[in-house]
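For the sequence shown, the positions run 678 to 796 when the working numbering is used. Ideal Cβ positions, reconstructed from N, Cα and C, are used throughout, including at glycine. None of the values given here were measured: they were computed from a predicted structure. Read through the structure below, which is laid out as structure tokens, and then see the notes.
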Amino acid sequence: MTFGAATPESVEDRWGQRTPLTLHLDHLAIEGLMSALGRRPDGSGPRALPDELKRLTDRELTVLRAMATGATNAEIAAELYLSVATVKTHVARVLAKLGLRDRVQAVVFAYESRLVIPS
């Protein structure tokens, strides 16, 4: 094995030299990917929310999504133009309706239910 000195080149040069990647997937693989992304395989839109999430109001869903990103009550309040006390009320209702003990469980629940999908 030999080692040579690397020649500096721009990022554009390196990307320009790459060959395009083409994937050939069967319909089961496509359905799995679409499901993971939260879309139906027929392209008709997002999947239905799990039954537990149907208990939440739209505002509570928004607060849960914000919690899942790690936002504090103050950050959620500023983003949604609410008071911190109102956000605390929404957080408490989310936890109660979903039977969760704390924010950590709420974040895990949001990801496991695919309300939030990691980027």
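C-beta atoms of V793 and T739 nearer than 9 Å: no
Enclosing alpha helix (DSSP H) for K774 [first to last residue]: 761–775
P727 Cβ short of 8 Å to the ligand ZN heavy atom set: For the structure depicted, the ligand ZN is absent and the ligand set is empty, with no information on it obtainable.
Sequence-distant residues of the same chain with beta carbon closer than 7 Å to V784, five excluded per side: M744, A745
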